[in-house]
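Okay, structure first, notes after.
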Amino acid sequence: MKKIISRIKNMLTQGIEVAVPFLCLGVVVQLIIGSPLLGWNAVGNISSAIGQFGQANFIGVAALLILYSYINK
1 MKKIISRIKN
11 MLTQGIEVAV
21 PFLCLGVVVQ
31 LIIGSPLLGW
41 NAVGNISSAI
51 GQFGQANFIG
61 VAALLILYSY
71 INK
């Protein structure tokens with residue numbers, strides 16, 4: 001069971017490590033161009049996600065703490 005959990009954790013970590021640079025690239029390109037890139041509104045999606053975190057109180061705070069701890073690794 002520990003092997004399965006470890007494999008799932010490793011897959012999620014690798015997925016996040018691939019996704020974060022693309023997200024950062026999308027934000028930078030959108031800020032430079034001023035409009036969504038290929039229909040992908042990175043800044044708008046981040047803004048709406050943060051807004052949804054704020055509505056869910058405890059769950060939002062927990063999710064923000066998890067994201068903060070991941071970013072500060």
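Going by this note's numbering, 66 is the number at position 66 of the sequence shown; the sequence numbering is gapless. Backbone N, C-alpha and C fix where the C-beta goes; we use that ideal spot for every residue, glycine too. The structure displayed is predicted, hence computed values, not measured ones.
Cβ contact check for the segment 35-43 and the segment 9-18: 3 or more pairs under 8 Å: no
Residue ranges of each alpha helix (DSSP H) within the segment 20-52, 4 or longer: You should have found no qualifying run.
Using alpha carbons as the reference points, say which of 48, 51, 33, 13 lies closest to residue 70. Within the sequence shown, numbered from 1, the residue matching residue 70 stands at position 70. Out of 48, 51, 33, 13, 13 has the C-alpha closest to the C-alpha of residue 70.
Where does residue 103 land, buried or exposed, given buried means 16+ other C-beta within 10 angstroms? Outside the shown range of the chain (1 to 73) lies residue 103, about which nothing can therefore be said.
Coil, strand or helix - residue 11 by DSSP: The sequence position of residue 11 within the sequence shown is 11, counting from 1. Of the three classes helix, strand and coil, the one that applies to residue 11 here is helix, per DSSP.
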